[in-house]
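Enquirer: Just so we're aligned, residue -5 is where the sequence shown starts under the numbering used here, counting upward by one. One structure, pasted below without further comment.
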Amino acid sequence: MGRSFGHNTAMNTVKPAPLPTRLRAANGAVVQDVADIGAAAILDAMRADSGRFEITGGMVIDQDARTILTQTSGSTGAPKIIRRTHASWTASFAQNARLFQIGAGTRVVIAGGMAHSLTTYALCETLALGGVAVMLGDRMSRDRLSALNGASVLYATPTFLRLIAAMAPPLPDLRHVVTGGGILTGGERGALAAIAPEAQVHEFFGAAETSFVTLSTPDTPTGSVGRAYPAVRITIADGHTPLPTGQIGAIWVDGPYLFDGYDSGGDGQTQHGPMGVSIGEMGHLDADGFLYLAGRAARMVTVGDVNVFPERVEGALRSISGVTDAAVVAVPDRLRAHRLIAWVEGAGDPDVVRDALRDALPPAFVPARIHVIDALPRLPAGKADLQTLTAMARGDV
């Protein structure tokens, strides 16, 4: 939003606040929509001087009000409609132009459907910087992945990166892989390095409400999601009281990239305050400023008097050889308050998986049941559909 400059006594006039910027496509920006997912409509909207443009996938670009509407993935509930200013995105465009060398003519390949906020963000960023946006969509095939040839930058969630690493041809020109919405395992990083040896992988932690929060670097410790993204301030707090280094609390984020509010679907988890915005994520900072996630407060459950974050169990499962992805949900249990049910992709023997977990986690974190399935049910954005899995789990006990 614009900043008010107040009253000028010498001129006896009020200087008006500047309007936020329009979301503009630079001259030379190109969309190559190989998946035919309606991405060209965003280029048209970004070239317009005025109007309110509704895009397939739930995005709205309003050039008159200088606002953007996008939606959350809805992994733990109904999707929420996010309202933000154009400037809250364009501020990070400038940062990423420097970090990932995106500029006029840069070929940026973007995986995922238009319902995913990372897809729409990356598309708008590429067009604003004058690049060539190549849209892969959410159905990978070897023919479609040939569009990666000559690309310098790839935006994709971990789910799509796993498919790309398994199916894509060698990518000697790829220099930057930008990913968020999950954590890559060492094996997945190795698979990417095999096809794109010159590419640096940048994992970020963020949300539709906050945009970028942290960005990993090669020196990021195992288990951390990196340090604060440029111009972001992170505070760990209990309520509204900041906590010392190393203590787990609510993650508060402040900076120029925050959303304005929900147009619909707010669930009460998000808080606004002097420290910025908290969306219900828990974690801690170490002495060097690296952020470690514990999980979402709304997902934390009690198992035999122990507070358990299912995200920690999911991370341990993904680190097991042969497991390509995992999801964990909790169901009520009369004796232990809750029990954990896990689904894993790729592994063949639940007993082997359980034994590996027992070596890595406290007893309360080991799921009561582990199911091996061909593919997790997923939302359009590619994340595991936890609501469907919870319904499956309730029918399983």
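Every residue, glycine too, gets a C-beta built ideally from N, C-alpha and C.
Starting from the C-beta of V247, find all residues in its chain whose C-beta is less than 7 angstroms away, skip the five residues before and the five after it, and write them out in chain order.
Expert: For this step, residue 247 is matched to residue 253 along the sequence shown. Cβ neighbours of V247 beyond the five flanking positions: T204, V207, V226, I228, G270 and V271.
Enquirer: The beta strand (DSSP E) that contains G289, what's its start and end?
Expert: Here residue 289 refers to the residue found at position 295 of the sequence shown. Run containing G289: L285 to R290, per the beta strand (DSSP E) assignment.
Enquirer: Decide if V300 is buried, meaning its Cβ has at least 16 other Cβ atoms within 10 Å, or exposed.
Expert: In the sequence shown, the residue the question calls residue 300 occupies position 306. It counts as exposed.
Enquirer: Please name the residue in G342, M53 and A150 whose C-alpha comes closest to that of M108.
Expert: Counting from 1 along the sequence shown, the entry for residue 108 is found at position 114. Of the listed residues, the one whose Cα sits closest to M108 is M53.
Enquirer: Whose C-alpha, out of I230, G131, D43 and V323, is nearest the C-alpha of R306?
Expert: Start at 1 with the first residue of the sequence shown, and residue 306 comes out as number 312. Residue V323 is the option with its Cα nearest to R306.
Enquirer: Under the rule that 16 or more other beta-carbon atoms within 10 Å means buried, what is R352, buried or exposed?
Expert: Against the sequence shown, residue 352 aligns to sequence position 358. Exposed, by the Cβ-count rule.
Enquirer: Identify the continuous alpha helix (DSSP H) that holds A160 and give its terminal residues.
Expert: Sequence index remark: in the sequence shown, residue 160 carries index 166 (1-based). Looking at the DSSP string, the run of the alpha helix (DSSP H) that includes A160 is P152 to M161.
Enquirer: So N90 is in the alpha helix (DSSP H); what residue range does that whole segment cover?
Expert: Within the sequence shown, the letter at position 96 stands for residue 90. Element bounds for N90: H80 to L93.
Enquirer: Among all the DSSP beta bridges, which residues are the ones paired with L63?
Expert: Taking the first residue of the sequence shown as 1, we reach residue 63 at position 69. BP columns for L63 point to V54 and R77.
Enquirer: Indicate the three-state DSSP secondary structure (helix, strand or coil) for P191 in the structure shown.
Expert: Indexing the sequence shown from 1 puts residue 191 at position 197. If DSSP states are grouped into helix, strand and coil, P191 belongs with coil.
Enquirer: For P326, does the three-state DSSP call read helix, strand or coil?
Expert: The count along the sequence shown starts at 1 and reaches residue 326 at position 332. Residue state, collapsed to three classes: strand.
Enquirer: Expressed to the nearest angstrom, what Euclidean distance is found between the alpha-carbon atoms of P35 and A127?
Expert: By 1-based counting over the sequence shown, the position of residue 35 is 41. By 1-based counting over the sequence shown, the position of residue 127 is 133. Before going further, note that residue 35 is Ala rather than Pro in the sequence given. Answer to the nearest angstrom: the Cα atoms are 13 angstroms apart.
Enquirer: From the DSSP output, in three-state form, read off H278 for me.
Expert: Here residue 278 refers to the residue found at position 284 when the sequence shown is read from its first residue. Three-state result, H278: strand.
Enquirer: Specify the secondary structure class of S140 as computed by DSSP and reduced to three states.
Expert: Here the question's residue 140 lines up with position 146 in the sequence shown. DSSP places S140 in helix when its eight states are reduced to three.
Enquirer: Excluding the 5 residues preceding and the 5 following V28 in the sequence, name in chain order all residues of the same chain whose CB lies nearer than 7 angstroms to its CB.
Expert: Counting from 1 along the sequence shown, the entry for residue 28 is found at position 34. So the qualifying residues of the chain are V128, M129, L130, R138 and A141.
Enquirer: Which residue wins for smallest C-alpha separation from W83, given the options T318, D257 and G249?
Expert: Your numbering for residue 83 matches position 89 in the sequence shown. Minimum Cα distance to W83 is reached at G249.
Enquirer: Identify the residues that DSSP records as bridge partners of N301: which are they?
Expert: For the purposes of this step, residue 301 is taken as residue 307 along the sequence shown, with counting starting at 1. In the DSSP output, where bridge partners are listed per residue, N301 has T296.
Enquirer: Where does D319 land, buried or exposed, given buried means 16+ other C-beta within 10 angstroms?
Expert: In the sequence shown, counting from the first residue as 1, residue 319 sits at position 325. Its Cβ being crowded by 16 or more others within 10 Å, D319 is buried.
Enquirer: Does the beta-carbon of S210 have 16 or more other beta-carbons within 10 angstroms, so that it is buried, or is it exposed?
Expert: Stepping through the sequence shown from its first residue, residue 210 is reached at position 216. S210 should be labelled buried.
Enquirer: In whole angstroms, give me the CA-to-CA distance for G262 and G240.
Expert: Numbered from its first residue, the sequence shown carries residue 262 at position 268. Numbered from its first residue, the sequence shown carries residue 240 at position 246. Going by the C-alpha atoms only, they are around 27 angstroms apart.
Enquirer: Taking the CB atoms as reference points, tell me whether L373 and A321 lie closer together than 8 angstroms.
Expert: Counting from one through the sequence shown, the residue named residue 373 turns up at place 379. Counting from one through the sequence shown, the residue named residue 321 turns up at place 327. Going by C-beta atoms, L373 is not nearer than 8 angstroms to A321.
Enquirer: On a Cα-Cα basis, can you pick out the residue from E182, L279 and V219 that is closest to G174?
Expert: For the purposes of this step, residue 174 is taken as the residue at position 180 of the sequence shown. For the residues E182, L279 and V219, the minimum Cα distance to G174 belongs to V219.
Enquirer: Figure out for me which residue from P224, P361, A202 and Q194 has the closest Cα to the Cα of D213.
Expert: Position 219 of the sequence shown, counting from 1, holds the residue named residue 213. When each option's Cα is compared against that of D213, the closest is Q194.
Enquirer: Given F94, which residues of its chain have a CB within under 6 angstroms of its CB, disregarding the five upstream and five downstream residues?
Expert: Taking the first residue of the sequence shown as position 1, residue 94 is located at position 100. Correct list, in chain order: V147 and H170.
Enquirer: Got a sec? Which residues, its chain only, sit under 6 angstroms from P10 by beta carbon, not counting five neighbours each side?
Expert: What you label residue 10 is simply residue 16 of the sequence shown in a count that begins at 1. Residue placement at P10 is poorly supported in this model, since its pLDDT is 44, which falls under 50; the coordinates still yield a value, given next. Excluding residues within five positions, none has a Cβ falling inside 6 angstroms.
Enquirer: Assign H1 to one of two classes, buried (16 or more other C-beta atoms within 10 Å of its C-beta) or exposed (fewer than that).
Expert: Start at 1 with the first residue of the sequence shown, and residue 1 comes out as number 7. Note that H1 scores 29 on pLDDT, short of 50, meaning its location in the model is unreliable; the coordinates nonetheless yield the value given after this. Under this definition H1 is an exposed residue.
Enquirer: Between L123 and A91, how many whole angstroms is the CB-CB distance? I'm expecting something under 8 angstroms.
Expert: Position 129 of the sequence shown, counted from the first residue, corresponds to residue 123. Position 97 of the sequence shown, counted from the first residue, corresponds to residue 91. Right, the Cβ-Cβ distance comes to about 5 angstroms (below 8 angstroms), so this counts as a contact.
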